[in-house]
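Undergrad:
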Amino acid sequence: MIHVLLVSSDKDFFSDLASNMEKNVNLNISRAESGGNALSMISVNNFELVVTDESLSDMTGLKFVEKLVLINPMINCAAVSSLSSKDFHAASEGLGILMQLPPRPDKIHAENLLQYLNNILNITNRTN
Numbered sequence: 002m003i004h005v006l007l008v009s010s011d012k013d014f015f016s017d018l019a020s021n022m023e024k025n026v027n028l029n030i031s032r033a034e035s036g037g038n039a040l041s042m043i044s045v046n047n048f049e050l051v052v053t054d055e056s057l058s059d060m061t062g063l064k065f066v067e068k069l070v071l072i073n074p075m076i077n078c079a080a081v082s083s084l085s086s087k088d089f090h091a092a093s094e095g096l097g098i099l100m101q102l103p104p105r106p107d108k109i110h111a112e113n114l115l116q117y118l119n120n121i122l123n124i125t126n127r128t129n
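What follows is the structure in structure tokens.
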């Protein structure tokens, strides 16, 4: 079972992404409404993937990832960002973000993200 945490202050923000991810029977999706709440959940639960919105109620998505890496530097993370690819790379350098997602991730983004995640889990022998 792959455990995924979606982090967004807007409960409907990841609806398209989540509905497409939920088609995978080996996936369990949890949600957090703030960065602080997500960090608390991550400190006591094992997630293979965390996906964060660009702006949360208590911090930016990138600030959340900075804090996340301090708790679990090996966690796979994707972040929504409206920055250009080049600017996102510069802003997130060193954070180990798996994938930049567009402001409204859809089915194709869900499929690509899960493919990247499965590749990593297979390489690291952490298959479900």
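Numbering (our numbering), first residue to last: 2 to 129.
All residues carry an ideal CB built from backbone N, CA and C; glycine is no exception.
#1: Between Glu23 and Phe15, what straight-line distance do the alpha-carbon atoms span, to the nearest angstrom?
#2: Using a Cβ-Cβ cutoff of less than 8 angstroms, which residues in the same chain neighbour Ile43 once the five nearest sequence positions on both sides are dropped?
#3: Can you check whether the CB of Val81 is closer than 7 angstroms to the CB of Asp54?
#4: Let me confirm a value: Ser83 is counted as buried when at least 16 other C-beta atoms fall within 10 Å, else exposed. Which label applies?
#5: Alpha carbons only, please: which of Leu28, Lys108, Glu94 is nearest the one belonging to Asn21?
#6: Over the uninterrupted alpha helix (DSSP H) stretch that includes Met22, give me the two end residues.
#7: Let me make sure I understand the geometry here. Which of Asn120, Val8, Ile124 has the alpha-carbon closest to that of Thr61?
#8: DSSP has His4 in a bridge; who is on the other side?
#9: Between which two residues does the alpha helix (DSSP H) holding Met42 run?
TA: By the coordinates alone:
#1: Working through the sequence shown from its first residue, we reach residue 23 at position 22. Working through the sequence shown from its first residue, we reach residue 15 at position 14. For the pair Glu23 and Phe15, the Cα-to-Cα distance works out to about 12 angstroms.
#2: Residue 43 sits at position 42 when you count from the first residue of the sequence shown. Excluding residues within five positions, the ones whose Cβ falls inside 8 angstroms are Leu6, Val51, Leu69, Ile72, Asn73, Ile76.
#3: Position 53 of the sequence shown, counted from the first residue, corresponds to residue 54. Position 80 of the sequence shown, counted from the first residue, corresponds to residue 81. For the 7 angstroms CB-CB criterion, Asp54 and Val81 form a contact.
#4: Numbered from its first residue, the sequence shown carries residue 83 at position 82. Ser83 comes out exposed.
#5: Looking up residue 21 in the sequence shown gives position 20. Checked all of Leu28, Lys108, Glu94; the closest Cα to Asn21 is Lys108.
#6: Along the sequence shown, one-based indexing puts residue 22 at 21. Counted as a single uninterrupted DSSP element, the alpha helix (DSSP H) harbouring Met22 occupies residues 16–22.
#7: Taking the sequence shown and counting its residues from 1, one reaches residue 61 at position 60. The residue among Asn120, Val8, Ile124 with its C-alpha nearest the C-alpha of Thr61 is Val8.
#8: For the purposes of this step, residue 4 is taken as the residue at position 3 of the sequence shown. Residue pairing by DSSP places His4 opposite Asn29 in a beta bridge.
#9: Translated into positions along the sequence shown, residue 42 becomes position 41. Secondary structure note for Met42: its alpha helix (DSSP H) is the uninterrupted segment 36–45.
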